[in-house]
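Q: The sequence shown stops at residue 981 when you use the working numbering, and every number in between is there.
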Amino acid sequence: MPAEYLQANQPDILEVIANLSNDAVFTPPKVANAVLDLLPTEVWADPTLRWLDPGAKTGIFPREITKRLMAGLAGAIPEESARLHHILTEMVFAVATEEITGMMTRRSLYCSKDATSSFAVVRFNSSDGNVWQKRSEHSFNERGTCTECKGTREELEIDGRDNKAYGFIHADGQRKIEEEMNMKFDVIVGNPPYQMSGGGGGTNDTPLYNVFVEEAIKLNPRHICMIVPSRWMAGGRGLDDFRAAMLKDKRVRVLVDYPNAGDLFPGVEIQSGVCYFLWDADNPGPCSVTLVRGEERIGPSERQLDEFDIFVRDVRALGILRKVLKVERSGVADLVSGDTPFGLPSNFKGYRKGERKPGDVKLHLIENQKRIEKWMPMEGITKNPRLIGKWKVLVPKAYNGGTGLPHRIIGPSFVVGPNNVCTQSYLVVGPFDTKDEAESFQSYINTRFARFLLSLRKISQDAMKSTYGWVPQQKWDRTWTDEILSKMYDITKDELAYIEAMVKEITA
Numbered sequence: 474m475p476a477e478y479l480q481a482n483q484p485d486i487l488e489v490i491a492n493l494s495n496d497a498v499f500t501p502p503k504v505a506n507a508v509l510d511l512l513p514t515e516v517w518a519d520p521t522l523r524w525l526d527p528g529a530k531t532g533i534f535p536r537e538i539t540k541r542l543m544a545g546l547a548g549a550i551p552e553e554s555a556r557l558h559h560i561l562t563e564m565v566f567a568v569a570t571e572e573i574t575g576m577m578t579r580r581s582l583y584c585s586k587d588a589t590s591s592f593a594v595v596r597f598n599s600s601d602g603n604v605w606q607k608r609s610e611h612s613f614n615e616r617g618t619c620t621e622c623k624g625t626r627e628e629l630e631i632d633g634r635d636n637k638a639y640g641f642i643h644a645d646g647q648r649k650i651e652e653e654m655n656m657k658f659d660v661i662v663g664n665p666p667y668q669m670s671g672g673g674g675g676t677n678d679t680p681l682y683n684v685f686v687e688e689a690i691k692l693n694p695r696h697i698c699m700i701v702p703s704r705w706m707a708g709g710r711g712l713d714d715f716r717a718a719m720l721k722d723k724r725v726r727v728l729v730d731y732p733n734a735g736d737l738f739p740g741v742e743i744q745s746g747v748c749y750f751l752w753d754a755d756n757p758g759p760c761s762v763t764l765v766r767g768e769e770r771i772g773p774s775e776r777q778l779d780e781f782d783i784f785v786r787d788v789r790a791l792g793i794l795r796k797v798l799k800v801e802r803s804g805v806a807d808l809v810s811g812d813t814p815f816g817l818p819s820n821f822k823g824y825r826k827g828e829r830k831p832g833d834v835k836l837h838l839i840e841n842q843k844r845i846e847k848w849m850p851m852e853g854i855t856k857n858p859r860l861i862g863k864w865k866v867l868v869p870k871a872y873n874g875g876t877g878l879p880h881r882i883i884g885p886s887f888v889v890g891p892n893n894v895c896t897q898s899y900l901v902v903g904p905f906d907t908k909d910e911a912e913s914f915q916s917y918i919n920t921r922f923a924r925f926l927l928s929l930r931k932i933s934q935d936a937m938k939s940t941y942g943w944v945p946q947q948k949w950d951r952t953w954t955d956e957i958l959s960k961m962y963d964i965t966k967d968e969l970a971y972i973e974a975m976v977k978e979i980t981a
C-alpha cells in the first residue's frame, strides 16, 4: 500500500480541479511543490517534526509533504508501512476550511474521506484522522463585526451557508482544535483563504490571509511557507499593521512575487497579484526576492524589506527611486485631494434633471462607465469649498487597464476651471491660480517619469492620495517632458528604457 500511495494520484486530478471561488483558490501540485522547495532540505529527514496546513482545501500540501517525507525518512524508518504510518499519524496535520474541503483533504491524504475506512492507507480511530474540520463560531461585538476576522454578521450568518468561521483564526475553533490535537507545530505551510467575500480581491473585501499568517507566527514554529495576495505590500483594507510587521520581520527570508496572479494560478484574476514566502524563525537576515512576470524572472536579489514604508516590488526601480528621493522636494500628494473630494459619492444622483439654474456648478461624474457632465446647486457641496473657485486637474481615482506592459497606470486627466466639481470617481489636484499652471501639472503627470513613480505605490486599480507620495512637485511654469525630467534626475539610458518598458506613452 505505501508504494501504491505514492503513485495513486497519476494522472493527478488536483492538476485540473476547479476553484470554489477566488477567496478559496486551489493550489496546483506544481505550485505546492515550488513553495515546499523553499524549505531547508533537512526538514524532510527529521521524523520528529510536526507539520500543519491551517487552511486545507484539496489536501495538496499535506499530500506532497507526505510524499517528500516518505523519501526523506527512508533511512530513519526503513520499513515503508511503518514509515507511512508514522508520517500520517504523528507528523502531518491539517485544518480544513469547510466540510467539503475536509473530505477532499482526507481523500488526497488517506485515499479515503473516512479515515476509519478499510480503503484508507492508514486507519485511524476517528473518521477525521488528523484533518480537523468542525463548525466554529464568530465572536461578534455590539456593532455586529467579528473581532477576529473583521467580517460582519450580515455577510457571515446566512441560513444554509457555511459561516466562514475558519477554525485556525477563531478562538472557538482554536479551542476545539486544541482538544483534539496538540497545537505545537514545527512547520506551517498552506494557501489560506484570501478574503471574506467571493469576489476578485477588490478593495472592499475583508482580507483574511493576514490573520492566518499572524496566527501561524503566534504558534512559534520553525518555518512558515504561505501563498497570499500581494496587496499587503503597498495597500489593502486594514493591512497597514500587517504590512509594517512583515516588512520589519527579518525572519521573512524568501519572497517570490507574481504581479499577475494568472502566472501562478492559470485562469485566476486577483488584483495586485500573489506571492509566497519563507519565514525562518532561527535564521533572520535580508530577504531573497524574486519577481516573476510571465517567463521573465527578476532576481533573486537580496533586499531589506523595510527600506521604505511600502515594498517596491521590482528591484530595478530602486536606483531611480533613490535618485528622486535624494532631491528634497515636497510630494504631489500634498496637492491631491482625499477620497470624495467634494463630499459627493460615485453614485450621486442629486444633480439637475433639467436646465442649469443661476449659481449652479458643473458636475463631472462617471455613469455606466461613461464620463458625463451635469449641473447641480453649489449648496450641495459639503467638502473643500476652497477648491470650487480655482483651476484644478481631475484624475480618475480608479484605472485598471489589465496586467500587460507597458501600462498607462492612471486614466486620462483633464483640466477644469472655477465652478467645476466632481464625484468620488475622481481625485482633484490643485488648487492652481491659472489655467497655465493646471496645464503644466497635467503635462507633468502625463510623463512616463511621473506615472512610473506613481506606479511604485499603486497596488490595485485605485490610485489614492498616498499613491502620489513619491512623485515630486515641480514648478508649474512650463510644459514638462520626460527629456527634461531625465536630465534633472540623472536618469541613465538603461533606466529610461526600463521606465519606457513599464509605462505607456500618453500622446496628445
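Ideal Cβ positions, reconstructed from N, Cα and C, are used throughout, including at glycine. Bear in mind the structure is a predicted one, so any value in this text is a computation, not a measurement.
Can you give me the start and stop residues for the beta strand (DSSP E) that Phe566 sits inside?
A: For the purposes of this step, residue 566 is identified with residue 93 of the sequence shown, where counting begins at 1. Unbroken beta strand (DSSP E) run through Phe566: Val565 to Ala569.
Q: Answer with buried or exposed for Ser898, where buried requires no fewer than 16 other C-beta atoms within 10 angstroms of its C-beta.
A: Sequence index remark: in the sequence shown, residue 898 carries index 425 (1-based). Per the 10 Å Cβ criterion, buried.
Q: Determine the contact status of Cys698 and Val662, defining contact as a CB-CB distance below 8 Å.
A: Residue mapping note: residue 698 aligns to position 225 of the sequence shown, counting from 1. Residue mapping note: residue 662 aligns to position 189 of the sequence shown, counting from 1. Cβ distance < 8 Å, so Cys698 and Val662 count as in contact.
Q: Can you check which of these residues, Gln947, Trp943, Tyr941 and Glu571, is closest to Glu910 by C-alpha distance?
A: In the sequence shown, counting from the first residue as 1, residue 910 sits at position 437. Taking only the C-alpha atoms, the option nearest Glu910 is Gln947.
Q: Just reading off the alpha helix (DSSP H) that Ser581 is part of, what are its end residues?
A: Your numbering for residue 581 matches position 108 in the sequence shown. Ser581 -> alpha helix (DSSP H) spans Glu572 to Tyr583.
Q: Please tell me whether Leu836 and Glu846 are closer than 8 Å, where the distance is taken between their beta carbons.
A: In the sequence shown, residue 836 corresponds to position 363, counting from 1. In the sequence shown, residue 846 corresponds to position 373, counting from 1. Yes, they are a contact pair.
Q: Do Pro680 and Gly982 count as a contact pair if the criterion is CB distance below 8 Å?
A: Absent from the structure is residue 982, since the part of the chain shown begins at 474 and ends at 981.
Q: Would you list the residues sitting across from Gly804 in a DSSP beta bridge?
A: Along the sequence shown, read from residue 1 onward, the residue named residue 804 stands at position 331. Beta-bridge pairing links Gly804 to Pro945.
Q: Does Thr570 pass the burial test, meaning 16 or more other C-beta atoms within 10 Å, or should it be called exposed?
A: The residue you call residue 570 lines up with position 97 of the sequence shown. Buried, since its Cβ has 16 or more Cβ neighbours within 10 Å.
Q: Would you kindly report the start and end of the unbroken alpha helix (DSSP H) that includes Lys796?
A: Your numbering for residue 796 matches position 323 in the sequence shown. Where Lys796 is concerned, the enclosing alpha helix (DSSP H) stretches over Leu791 to Lys799.
Q: My understanding is that Ala593 touches Ser585, with C-beta atoms under 8 Å, so please give their C-beta distance in whole angstroms.
A: Here residue 593 is taken as the residue at index 120 of the sequence shown, counted from 1. Here residue 585 is taken as the residue at index 112 of the sequence shown, counted from 1. Right, their Cβ atoms sit about 4 Å apart.
Q: If we count the other Cβ atoms within 10 Å of its Cβ and call it buried at 16 or more, is Lys826 buried or exposed?
A: What you label residue 826 is simply residue 353 of the sequence shown in a count that begins at 1. Under this definition Lys826 is an exposed residue.
Q: Considering only residues of the segment 635-689, which uninterrupted beta strand (DSSP E) runs meet the minimum length of 3 residues and lie entirely inside it, listed in chain order?
A: DSSP runs (the beta strand (DSSP E)) wholly in the segment 635-689: 660-663.
Q: Pull the bridge partners of Arg844 from the DSSP assignment, please.
A: Here residue 844 is taken as the residue at index 371 of the sequence shown, counted from 1. Partner(s): Ile839.
Q: Output yes or no for whether 8 Å exceeds the beta carbon distance between Val568 and Pro527.
A: Position 95 of the sequence shown, counted from the first residue, corresponds to residue 568. Position 54 of the sequence shown, counted from the first residue, corresponds to residue 527. In contact: Val568 and Pro527 (Cβ atoms closer than 8 Å).
Q: State the CB to CB distance for the pair Gly804 and Trp864, rounded to an integer number of angstroms; the pair is presumed to be in contact (CB under 8 Å).
A: As a working mapping, residue 804 is identified with position 331 in the sequence shown. As a working mapping, residue 864 is identified with position 391 in the sequence shown. Actually they do not touch by this definition, with Cβ atoms about 20 Å apart.
Q: Which one of Phe925, Phe566 and Arg829 has the shortest CA to CA distance from Ala974?
A: The residue labelled residue 974 in the question sits at position 501 within the sequence shown. Here the closest residue by C-alpha is Phe925.
Q: With 16 other CB atoms within 10 Å as the buried threshold, where does Ile533 fall?
A: For the purposes of this step, residue 533 is identified with residue 60 of the sequence shown, where counting begins at 1. It is buried - the Cβ of Ile533 has at least 16 other Cβ atoms within 10 Å.
Q: Take the Cβ of Thr965 as the centre, count every other Cβ of all protein chains shown within 10 Å, and call the residue buried at 16 or more, exposed below.
A: Locating residue 965 in the sequence shown gives position 492, where the first residue counts as 1. The residue in question, Thr965, is exposed, as its Cβ has fewer than 16 Cβ neighbours within 10 Å.
Q: Return the bridge partner residues of Met849 from the DSSP annotation.
A: Mapped onto the sequence shown, residue 849 falls at position 376. For Met849, which the question treats as bridged, DSSP gives the partners Val834.
Q: Leaving aside the five residues before and after Arg704 along the sequence, list all residues of the same chain whose C-beta is less than 8 Å from its C-beta, in chain order.
A: Against the sequence shown, residue 704 aligns to sequence position 231. Within the same chain, Arg704 has close Cβ partners Gly674, Pro680, Leu712, Gln744, Ser745, Ile932 and Ser933.
Q: Quick one: which unbroken alpha helix (DSSP H) runs of 4-plus residues sit fully inside the segment 697-759? Chain order, please.
A: Runs found: 713-721.
Q: On the DSSP letters alone, give me the boundaries of the alpha helix (DSSP H) that Gly545 sits inside.
A: Looking up residue 545 in the sequence shown gives position 72. Gly545 -> alpha helix (DSSP H) spans Ile533 to Gly545.
Q: Alpha carbons only, please: which of His880, Ser600, Thr618 and Gly875 is nearest the one belonging to Glu742?
A: What you label residue 742 is simply residue 269 of the sequence shown in a count that begins at 1. Of His880, Ser600, Thr618 and Gly875, the residue nearest in Cα terms is Gly875.
Q: Here's a check: name, in chain order, each residue in its chain whose Cβ is nearer than 8 Å to the Cβ of Val976, leaving out the five neighbours to either side.
A: For the purposes of this step, residue 976 is taken as the residue at position 503 of the sequence shown. Pro879, His880, Arg881, Ile882, Arg921, Arg924, Phe925 and Ser928, listed in sequence order.
Q: Looking at the structure shown, is Ile979 part of a helix, part of a strand, or coil, going by DSSP?
A: As a working note, residue 979 is residue 506 in the sequence shown. Three-state DSSP puts Ile979 in coil, outside helix and strand.
Q: Identify the continuous alpha helix (DSSP H) that holds Asp526 and give its terminal residues.
A: On the sequence shown, residue 526 is found 53 positions in, with the first residue counted as 1. Taken as a continuous stretch (DSSP letters only), Asp526 belongs to no alpha helix (DSSP H), being part of the beta strand (DSSP E) at Trp524 to Ala529.
Q: Quick one: is Met444 buried, meaning 16 or more other Cβ sit within 10 Å of its Cβ, or exposed?
A: This structure cannot speak to residue 444, because the chain is shown only from 474 to 981.
Q: State the DSSP-derived secondary structure class of Ala871, mapped to helix, strand or coil.
A: Looking up residue 871 in the sequence shown gives position 398. Three-state DSSP puts Ala871 in a strand.
Q: Which class does Ile788 belong to by DSSP, given the choice of helix, strand or coil?
A: Here residue 788 refers to the residue found at position 315 of the sequence shown. According to the sequence as given, residue 788 is Val; it is not Ile. The answer is helix: DSSP assigns Val788 an H, G or I state.
Q: Which residues bound the beta strand (DSSP E) around Ser774?
A: Counting from 1 along the sequence shown, the entry for residue 774 is found at position 301. Where Ser774 is concerned, the enclosing beta strand (DSSP E) stretches over Glu769 to Arg776.
Q: Cβ of Ile918 within 8 Å of Cβ of Ser959?
A: Numbered from 1 along the sequence shown, position 445 holds the residue referred to as residue 918. Numbered from 1 along the sequence shown, position 486 holds the residue referred to as residue 959. The answer is no: Cβ separation not under 8 Å.
Q: If contacts are defined as beta-carbon pairs under 8 Å, then Val747 and Leu522 qualify, I think. What distance do you get, rounded to the angstrom?
A: The residue labelled residue 747 in the question sits at position 274 within the sequence shown. The residue labelled residue 522 in the question sits at position 49 within the sequence shown. Not really, about 27 Å apart at Cβ, beyond 8 Å.
Q: Taking only three categories from DSSP, how would you classify Asn857?
A: Working through the sequence shown from its first residue, we reach residue 857 at position 384. Asn857: coil per DSSP, three-state reduction.
Q: Taking Cβ positions, are Val595 and Arg579 nearer each other than 8 Å?
A: What you label residue 595 is simply residue 122 of the sequence shown in a count that begins at 1. What you label residue 579 is simply residue 106 of the sequence shown in a count that begins at 1. Cβ distance not < 8 Å, so Val595 and Arg579 don't count as in contact.
Q: Can you tell me whether Pro665 is buried or exposed? The criterion is at least 16 other CB atoms within 10 Å of its CB, across all chains shown.
A: Position 192 of the sequence shown, counted from the first residue, corresponds to residue 665. Label assigned to Pro665: buried.
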